[in-house]
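Numbering (my numbering), first residue to last: 61 to 254.
From the three backbone atoms N, C-alpha and C, an ideal C-beta is built for every residue, glycine too.
The structure displayed is predicted, hence computed values, not measured ones.
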């Protein structure tokens, strides 16, 4: 997988446009000046978590005695479930925060930006491409940068696309993610039985 396709895959899994309505609901109780500070802090927390998982992925797999086929198959299943939720969203997402409470790591950095599906994908990529960590780091930074730009201009995208437009984009990303998930699953099966 080249840098651009890895970055696009990670970006689709991060789903910043799909997360916009939830982020807006989390931040709306905060002072407008404080919103940007909180958002930047949470985005940098997410980047650190993503890079740590990228570089420690193989060590974690070795420590847990988990094979790459298992990661590929389970990652495909997780991505498929996430994609189905993107295509058929449940009404009213629960953030777990009281009104006016400032998020810290949860739920914005984890699991909204650096969620389990992104972390599973990073584990898989780092295991399959251990000699291309620089390229994979660049892919993570590209996907994160695109997410950063979209989330920093959340008001613009919300006004431009509206609630219906954001939902349509989320469902389109979900459809693309279904294909990626099935490919990961099939690759895992091929490696296991091959």
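Residue 123 carries a helical assignment under DSSP once its states are collapsed to helix, strand and coil. The segment 191–208 makes no contact with the segment 117–133: fewer than 3 CB pairs, one atom from each, lie closer than 8 Å. Here residue 69 has 181, 240 as same chain residues with Cβ atoms under 7 Å from its own Cβ, once five neighbours each way along the sequence are excluded. Selection 197, 208, 216, 168 evaluated against residue 85 yields 168 as nearest (Cα-Cα). Residue 177 counts as buried, since at least 16 other C-beta atoms from the protein chains shown sit within 10 angstroms of its C-beta. Residue 170 places its beta carbon 8 Å or farther from that of residue 82.
Counting other Cβ atoms within 10 Å of its Cβ, residue 105 reaches 16 or more and is therefore classed as buried.
Secondary structure of residue 208 (DSSP, three-state): helix. By the Cβ neighbour-count rule, residue 161 is exposed, with fewer than 16 other Cβ atoms within 10 Å of its own.
With the rule of 3 Cβ pairs closer than 8 Å, the segment 242–249 counts as touching the segment 130–139. For residue 212, the closest alpha carbon among the candidates 252, 67, 103 is that of 103.
Counting the other CB atoms within 10 Å of its CB gives residue 113 a total of 16 or more, which places it among the buried residues. Taking C-beta atoms under 8 Å as the contact rule, residue 63 and residue 179 fail to qualify, at a distance of about 19 Å. Checking the DSSP bridge columns, you'll see residue 164 partnered with 166.
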